[in-house]
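Written below as structure tokens is the structure these notes are about.
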């Protein structure tokens, strides 16, 4: 699932020889951050976006940010925010984008320090969390949860992305992978899209042949409303 174009170049022949076929998955939004400071990042943005980001950050001046590698004491609050975000999503791919509610705890326990959570509070109240993995040269954004009673009023989605961008820059991490949703918004931050693939096979003789025939004609990206709205404005890494 979600084999990047870069990886597929090295694995496609082997997987096809093993009987797999592939269909296009949703592209992954990736942001390169060759910036010495967060201010340098903002200066790289088109002036209209730079002004917008500064205004949103100013309105979010009272949001307190905390980075954690242990969330046991706030787990119930995190799950509540995760459910709210799951229920408010515009597009659902069912089992392809669901995680069990024990996911956050188990990943943090087993990740040997790579999994981090950013908590955002207003007057002590938890209003959002951002769950991500930290690699040597890349941060991989995984899941975000928000309090939707104030999310739009306080621009929590924008604030979360900008706060993680700041985290990357301040820790010398040159790439942020922001996932497979809200493409129109993420392109405003400077992200580009990397194509990805789902490989699959059916072991039956008849159905296996049928799946291999129709699989390449199916794709998640063809039915995603954000990508449809972007059309030719979507910027891909391999173009």
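Numbering (my numbering), first residue to last: 5 to 243.
Ideal Cβ placement from N, Cα and C applies to all residues, glycine included.
query: For residue 70, the residue or residues it bridges with in DSSP; result: 123
query: Straight-line gap, residue 12 to residue 210 (C-alpha atoms, nearest Å); result: 26 Å
query: Euclidean distance between Cα positions of residue 206 and residue 215; result: 7 Å
query: For residue 110, the first and last residue of its enclosing alpha helix (DSSP H); result: 107–114
query: Delimiting residues of the alpha helix (DSSP H) encompassing residue 13; result: 9–21
query: Which residues DSSP lists as bridging residue 196, in chain order; result: 34
query: Best match in 208, 239, 231 and 202 for proximity to residue 221 [C-alpha to C-alpha]; result: 202
query: Presumed contact (8 Å Cβ cut-off) between residue 177 and residue 141, rounded CB distance; result: 6 Å
query: Assigned exposure category for residue 117 - 16 Cβ within 10 Å defines buried; result: exposed
query: Of the listed residues 240, 158 and 200, nearest to residue 65 (C-alpha basis); result: 158
query: Simplified DSSP state of residue 98, which is helix, strand or coil; result: Bear in mind that a pLDDT of 48 at residue 98, under 50, signals an unreliable position, so the model cannot answer this.
query: Classification of residue 237 by the beta-carbon crowding that lies within 10 angstroms, buried from 16 upward; result: exposed
query: Beta-carbon gap between residue 171 and residue 149 smaller than 8 Å; result: no
query: Close beta carbons around residue 144, own chain, < 7 Å, minus the five adjacent residues each side; result: 136, 137 and 181
query: Residue 185 versus residue 91 - alpha carbon distance; result: 15 Å
query: Nearest-angstrom Cα separation, counted from residue 194 out to residue 48; result: 9 Å
query: Cα-Cα separation, residue 241 to residue 235; result: 15 Å
query: Option in 166, 223, 213 and 120 with minimal Cα separation from residue 43; result: 166
query: 8 Å Cβ cutoff met for residue 105 and residue 75; result: no
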